[in-house]
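Number of protein chains: 2
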Amino acid sequence: MEPQATVRDRLLDAAEDLAATQGVTATPVDVILERAQVSPATLYAHFGNKEGLITQALRRRLSRWDTTWQECVDEAEGPEEKVLAIFTALTRHRRNLSPSRWCVFLGIAAETARPGPDLEETLLADTRLLTRRLGELAAALPDPGRADAVAQQLVLIYTGVLGMILRGTDADTAIADGRRIAAMLLAAVGTQDVS
Amino acid sequence: MEPQATVRDRLLDAAEDLAATQGVTATPVDVILERAQVSPATLYAHFGNKEGLITQALRRRLSRWDTTWQECVDEAEGPEEKVLAIFTALTRHRRNLSPSRWCVFLGIAAETARPGPDLEETLLADTRLLTRRLGELAAALPDPGRADAVAQQLVLIYTGVLGMILRGTDADTAIADGRRIAAMLLAAVGTQDVS
DNA sequence: GTCTATACAAAGATAGAC
DNA sequence: GTCTATCTTTGTATAGAC
Numbered sequence: 002m003e004p005q006a007t008v009r010d011r012l013l014d015a016a017e018d019l020a021a022t023q024g025v026t027a028t029p030v031d032v033i034l035e036r037a038q039v040s041p042a043t044l045y046a047h048f049g050n051k052e053g054l055i056t057q058a059l060r061r062r063l064s065r066w067d068t069t070w071q072e073c074v075d076e077a078e079g080p081e082e083k084v085l086a087i088f089t090a091l092t093r094h095r096r097n098l099s100p101s102r103w104c105v106f107l108g109i110a111a112e113t114a115r116p117g118p119d120l121e122e123t124l125l126a127d128t129r130l131l132t133r134r135l136g137e138l139a140a141a142l143p144d145p146g147r148a149d150a151v152a153q154q155l156v157l158i159y160t161g162v163l164g165m166i167l168r169g170t171d172a173d174t175a176i177a178d179g180r181r182i183a184a185m186l187l188a189a190v191g192t193q194d195v196s
Numbered sequence: 002m003e004p005q006a007t008v009r010d011r012l013l014d015a016a017e018d019l020a021a022t023q024g025v026t027a028t029p030v031d032v033i034l035e036r037a038q039v040s041p042a043t044l045y046a047h048f049g050n051k052e053g054l055i056t057q058a059l060r061r062r063l064s065r066w067d068t069t070w071q072e073c074v075d076e077a078e079g080p081e082e083k084v085l086a087i088f089t090a091l092t093r094h095r096r097n098l099s100p101s102r103w104c105v106f107l108g109i110a111a112e113t114a115r116p117g118p119d120l121e122e123t124l125l126a127d128t129r130l131l132t133r134r135l136g137e138l139a140a141a142l143p144d145p146g147r148a149d150a151v152a153q154q155l156v157l158i159y160t161g162v163l164g165m166i167l168r169g170t171d172a173d174t175a176i177a178d179g180r181r182i183a184a185m186l187l188a189a190v191g192t193q194d195v196s
């Protein structure tokens with residue numbers, strides 16, 4: 002975004018921003034190029050093709066999400082609050098970056114029928130990060146034996162929040178709803194069998 | 002699907018099936034035409050354009066989902082089971098129709114950046130149906146004053162189930178997880194404040 | 001109403017110069 | 001590494017005949 006940003010960064014910024022707000026298929030290469038003030042040949046020299054650019058932009062975004070989320074976890078006090086920090090992180094993440102229509106990863110997964118190996122791997126990495134970290138955080142709760150199952154349910158709730166934003170629900174409302182459901186789930190863990 | 006189906010029905014069948022499995026943007030008109038064994042001009046005579054065809058296919062599918070869901074509600078016994086019938090309905094719906102990658106409505110909403118008025122209205126109708134019927138069913142639970150809030154949370158959970166399928170989770174697993182979370186939510190309603 | 005053939009537009013990618 | 005100019009493919013839609 003800086004005036005003196007490298008060509009590569011300008012391309013990544015433009016691709017991420019447009020993919021987040023308009024979607025990938027709705028964003029022709031020309032539009033990315035115009036936004037980035039770069040010529041076609043340069044894009045292809047750097048990233049090979051459109052999907053390569055998108056993939057790199059996603060990787061950078063995932064890394065930033067990872068950082069933001071970890072910060073929120075670190076700031077939270079107590080096992081339950083650390084689990085619920087994902088919702089604080091989502092709010093912060095959406096404030097920091099160009100606001101996406103809902104979730105860039107799910108969005109691209111939804112609109113890309115046959116992703117290449119690199120893109121597919123990157124899309125899966127998002128789900129893996131969610132599952133892994135939520136699993137780790139859930140292991141600090143009572144009944145660590147159910148950590149993986151709880152993590153799956155938390156990913157579901159988190160995914161539901163994002164889906165509600167796509168449905169048109171205000172983001173803050175959806176996030177608050179999701180946090181409430183998750184808190185209820187955590188309250189049930191350890192106090193009763195949640196088979 | 003029948004050999005003697007009308008041209009119109011063949012087009013709707015092909016469009017629905019391909020949109021559900023491949024996505025809309027990944028499905029060129031030519032492929033729909035070949036599947037339906039129909040010529041281009043016929044499609045445009047009937048539906049105006051590609052989006053018109055997709056819109057009509059979605060309306061038909063929403064109507065079938067409506068029916069399947071209502072059947073499952075009618076079969077269920079007791080207020081809580083009637084609310085949870087949405088998960089039984091989802092299983093049945095996916096078995097009846099051509100299996101979709103996740104949710105045809107959310108999928109098309111995700112990949113269609115600027116839908117025309119008719120398509121947009123049809124996509125919203127899906128969310129409206131969910132909210133309305135879940136609200137009605139939730140009104141039969143203890144604390145009917147919270148029916149609308151509970152309905153919103155149930156739509157979130159249901160949407161999360163669909164999103165998990167997009168993430169690669171087995172559909173039956175995702176549905177079972179969603180039902181469990183929803184059951185927990187219902188158990189909390191009336192017994193405690195779920196602010 | 002339906003077909004064949006074709007027009008028109010959009011989009012991804014490359015050639016060749018600097 | 002980057003640009004200008006252009007090629008090729010793909011995809012939506014229509015013209016005109018039957």
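Heads up: the sequence lines are chains L and Y, in that order. Positions 2 to 196 (this note's numbering) are the ones given, in order, by the first sequence. Positions 2 to 196 (this note's numbering) are the ones given, in order, by the second sequence. Think of the CB as a built atom: it goes at the ideal place given N, C-alpha and C, for glycine as much as any other residue.
Specify, as a first and last residue, the run of the alpha helix (DSSP H) that residue 152/L falls within.
Residues 148 to 168.
Count the other CB atoms within 10 Å of the CB of residue 89/L; is the residue buried (16 or more) or exposed (fewer)?
So residue 89/L counts as buried.
Return helix, strand or coil for residue 25/Y, following the three-state DSSP convention.
Three-state DSSP puts residue 25/Y in coil, outside helix and strand.
Within 10 angstroms of the Cβ of residue 81/L, are there 16 or more other Cβ atoms? Answer buried if so, exposed if not.
Its Cβ being crowded by 16 or more others within 10 Å, residue 81/L is buried.
What are the boundary residues of the alpha helix (DSSP H) that residue 120/Y is part of?
Residues 118 to 139.
Three-state secondary structure (DSSP) at residue 39/Y?
Residue 39/Y: coil per DSSP, three-state reduction.
Taking only the alpha-carbon atoms, compute the straight-line gap between residue 197/L and residue 127/L and give it to the nearest angstrom.
Residue 197/L lies beyond the stretch modelled for chain L, which goes from 2 to 196, so this question has no answer here.
In chain L, which residues lie with their C-beta within 7 Å of the C-beta of residue 36/Y?
Residues of chain L passing the Cβ test: none, with the nearest at roughly 16 Å.
Contact between the segment 47 to 65 of chain Y and the segment 134 to 141 of chain Y: three or more CB pairs below 8 Å?
The segment 47 to 65 of chain Y is not in contact with the segment 134 to 141 of chain Y.
Could you pull out every residue in the same chain whose Cβ sits closer than 8 Å to the Cβ of residue 103/L, ignoring the five residues on either side in sequence?
Within the same chain, residue 103/L has close Cβ partners 163, 164, 166, 167.
Closer than 8 Å by beta-carbon distance: list the chain L residues that pair up with residue 175/Y, in chain order.
Simply 157.
Looking at residue 59/L and residue 123/L, is the spacing between their C-beta atoms short of 8 Å?
Cβ atoms of residue 123/L and residue 59/L: closer than 8 Å.
If you measure between the beta carbons of residue 92/Y and residue 176/Y, is that distance less than 8 Å?
Yes. Within cutoff.
Please give the ranges of any alpha helix (DSSP H) in the segment 62 to 128 of chain L, keeping only runs that are unbroken, at least 4 residues long and fully inside the region.
Within the segment 62 to 128 of chain L, the complete alpha helix (DSSP H) runs of at least 4 residues are 80 to 97, 105 to 112.
Can you find the residues in the same chain that come closer than 7 Å, C-beta to C-beta, to residue 97/L, ignoring five residues on each side of it along the sequence?
For residue 97/L, where only same-chain residues beyond five positions count, the Cβ hits under 7 Å are 69.
Could you give the first and the last residue of the continuous alpha helix (DSSP H) run that contains residue 186/Y?
Counting along the chain, the alpha helix (DSSP H) containing residue 186/Y begins and ends at 172 to 189.
Could you check if residue 113/L is buried or exposed, using at least 16 other CB atoms within 10 Å of its CB as the buried criterion?
By the 10 Å Cβ count, residue 113/L comes out buried.
If you measure beta-carbon to beta-carbon, which residues of the segment 138 to 168 of chain Y are closer than 9 Å to chain L?
Those would be 150, 153, 154, 156, 157, 158, 159, 160, 161, 162, 163, 164, 165, 167, 168, in chain order.
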